[in-house]
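Q: Have a look at this one before I ask anything.
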Amino acid sequence: GVGKSISEDLWQMGFRKVEELNQRDPEELYQRFCIMKQKPVDRCMLYVFRRAVYYASHRDHDPELLKWWNWKDGARRR
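So in this note's numbering, the last one in the sequence shown is 92, and the numbering has no gaps at all.
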């Protein structure tokens, strides 16, 4: 899951259910988020979006892929 702050950010972006993140483009979500915040946002938020989309898009979850740092640029993912 995500914490309260990120949950509120997703709500502000228009997402009401986890399922709404299914098959979304994390890069596009990150760009929208930066526009919404009206400033560049730390790339760790992109990694959070990658993880959230993975979670919403798969029925079975690899516990290692539920850690945001495993979604960094260049990280090995299965």
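Cβ coordinates follow ideal geometry from the N, Cα and C atoms, glycine included.
#1: Compute the beta-carbon to beta-carbon distance between residue 26 and residue 50, rounded to the nearest angstrom, for a pair I have assumed lies under 8 Å.
#2: Starting from the C-beta of residue 71, find all residues in its chain whose C-beta is less than 7 Å away, skip the five residues before and the five after it, and write them out in chain order.
#3: Taking all protein chains shown into account, do 16 or more other C-beta atoms lie within 10 angstroms of the C-beta of residue 32, making it buried, or fewer, making it exposed?
#4: Rounded to whole angstroms, how far is the Cβ of residue 85 from the Cβ of residue 64, which I believe are closer than 8 Å?
#5: If you drop the 5 nearest sequence neighbours on each side, which residues of the same chain put their C-beta closer than 7 Å to that of residue 75?
#6: Could you spell out the range, first to last residue, of the alpha helix (DSSP H) harbouring residue 25?
#7: Take residue 78 and list the residues in its own chain whose beta-carbon comes closer than 7 Å to its own, dropping the five residues that flank it on each side.
A: So, from the data block:
#1: 7 Å
#2: 36 and 37
#3: exposed
#4: 4 Å
#5: 69
#6: 18 to 26
#7: 84
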